[in-house]
Amino acid sequence: MQNLVLVKLGGSVVTFKDKPLTANTEAIDRISKSLKMLDAPVIIVHGGGSFGHYWSVQYDMHTKASRYDAHGVSIVHESMIALNQVIVNSMMRSGLNPYGLQPSVFTSGQRPITAKIRQLLSMAGSRVTPVTFGDVVYVDRAKYSILSGDSLMTILAKVLRPSRVIFATNVDGIYSDLESKSLIPRLGVAGSRSVKVSMNSVADVTGGMKRKITEAFKIASLGMDVMVVNGLHPERIVAAATGRPTVGSMVMKRRRP
Ligand code: IP8
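Whatever position you read off the sequence shown (first residue = 1), add 48 for the numbering used here.
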């Protein structure tokens, strides 16, 4: 299928990261309205922000598989379903047909279930929008791990090879210099070492912007351009999804020699 758009809505966009369990409903509603303008199959992934990350920190849960506190597993997962509901309901109000689904539907631990991932593409092609999210997932032998929405982007991109891959964050893109906030409009896969990343001030168990950039470079290495834009300006998501120039950073795909 042509023109698949894969969008990650960062936790810093869909929640207030410094206010526990608080969704940024205004930002979500504006994004939903903007997504309604797209005439292409779309798959959405969203992050945990002040929902999943808040509880993951309380229960000391990380991306490393371990026997975490059982109540922690339950409450992190529930909080992500609650945030997913907020986003799905907003999208429905905008006239979209979202279909919320936890990542364990199409992954086993951190590994993809290819046939199930292909089904997401068929759904997107029938005007239903799959909306999945970073989550706590069962690995094996009573071990669980936090699976980041950014990692899900790579898992999905590898199988579905979308035409557009977009990471929406709360900053304008990738900065070369954190003081002057000088934006890098385009960078190649080889440029990853020149990027300086700030540590998030609020605890982020999956690595915040650093993880995002790592996954963006992985996807570009697989041969897909990746745009990093500011999701608080949702018109930039629409522009990136339709291939129009906009404020943001493009990690350019690695071209085969
Ligand atoms: O915010 C992590 O997803 P991310 C979700 O995309 C949880 O890294 C449960 C913390």
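Ideal placement from N, C-alpha and C gives every residue a C-beta, glycine not left out.
- Between which two residues does the beta strand (DSSP E) containing F215 stretch? Here the beta strand (DSSP E) through F215 covers 212–217.
- Message: Going by the DSSP bridge assignment, what does T180 pair with across the sheet?
- Response: The partner list for T180 (beta bridge, DSSP) reads V93.
- Task: Over the uninterrupted beta strand (DSSP E) stretch that includes N137, give me the two end residues.
- Result: For N137, there is no enclosing beta strand (DSSP E); the enclosing alpha helix (DSSP H) has its first and last residue at 118–141.
- Task: Output the distance between the C-alpha atoms of Y147 and R234, rounded to the nearest integer angstrom.
- Result: Near 33 Å, if we compare the C-alpha coordinates of R234 and Y147.
- My understanding is that D198 touches K56, with C-beta atoms under 8 Å, so please give their C-beta distance in whole angstroms. Contact between D198 and K56 is confirmed by a C-beta separation of about 7 Å, below the 8 Å threshold.
- Task: Alpha carbon to alpha carbon, how far is Y116 from S80? Give it in angstroms, no decimals.
- Result: Roughly 35 Å between the two C-alpha positions.
- Task: Could you work out which residue in G143, S152, V153, P210 is closest to I91 when comparing CA atoms only?
- Result: The shortest Cα separation from I91 among G143, S152, V153, P210 belongs to P210.
- For the ligand IP8, any of its heavy atoms closer than 7 Å to the Cβ of H281? Result no, Cβ not under 7 Å from the ligand IP8.
- Message: Can you list, in chain order, the residues of its chain with a C-beta nearer than 7 Å to that of V219? Leave out the 5 residues immediately preceding and following it.
- Response: Around V219: N278.
- Residue from R159, A75, I214 whose Cα sits closest to the Cα of L52: Distances from the alpha-carbon of L52 to those of R159, A75, I214 put I214 closest.
- Message: With a threshold of 7 Å (Cβ to nearest heavy atom), would V237 be considered close to the ligand IP8?
- Response: Outside the cutoff, so no.
- Query: With S104 and L69 assumed to form a contact (beta carbons below 8 Å), what rounded beta-carbon distance in angstroms separates them?
  - Reply: The Cβ separation is near 13 Å, so there is no contact.
- Determine, using beta-carbon pairs with one atom in the segment 223–234 and one in the segment 156–170, whether at least three such pairs fall under 8 Å. The segment 223–234 and the segment 156–170 do not touch, with fewer than 3 CB-CB distances between them shorter than 8 Å.
- Query: With 16 as the cutoff for other CB atoms within 10 Å, does M247 come out buried or exposed?
  - Reply: With a pLDDT of only 43 at M247, under 50, the local geometry of the prediction cannot be trusted, and no value is derived from it.
- Residue span of the beta strand (DSSP E) that contains I76, given as start and end: Looking at the DSSP string, I76 is not in any beta strand (DSSP E); the run it does join, the alpha helix (DSSP H), is 73–84.
- Burial state of L226 (16 or more Cβ within 10 Å): Counting Cβ neighbours within 10 Å, L226 comes out exposed, since fewer than 16 surround it.
- Would you say K65 and G59 are within 8 Å of each other, going by their C-beta atoms? Yes.
- Task: Give me the Cα-Cα distance between K164 and T202, rounded to the nearest whole angstrom.
- Result: T202 has its alpha-carbon roughly 15 Å from the corresponding atom of K164.
- Task: Note down, in chain order, each residue of its chain lying with its Cβ closer than 7 Å to the Cβ of I161, except the 5 sequence neighbours on either side.
- Result: The beta carbon of I161 sits closer than 7 Å to those of F154, T155, all from its chain and outside the five residues before and after it, given in chain order.
- Message: Excluding the 5 residues flanking E74 on each side, which residues of the same chain have their C-beta closer than 7 Å to its C-beta?
- Response: Taken in chain order, the list of residues that qualify is empty.
- Secondary structure at N51, three-state DSSP: helix, strand or coil? In the three-state scheme derived from DSSP, where H, G and I count as helix and E and B as strand, N51 is classed as coil.
- Beta bridge counterpart(s) of L231 as assigned by DSSP: Bridge partners of L231: Y223.
- Task: Might you give, ordered along the chain, the residues of its own chain that have their beta carbon closer than 7 Å to the beta carbon of L280, omitting 5 neighbours on each side?
- Result: Answer for L280: V61, A75, N218, listed in chain order.
- Within 8 Å, strictly: CB atoms of H94 and I129: Their beta carbons are not under 8 Å apart, which means H94 does not touch I129 by this criterion.
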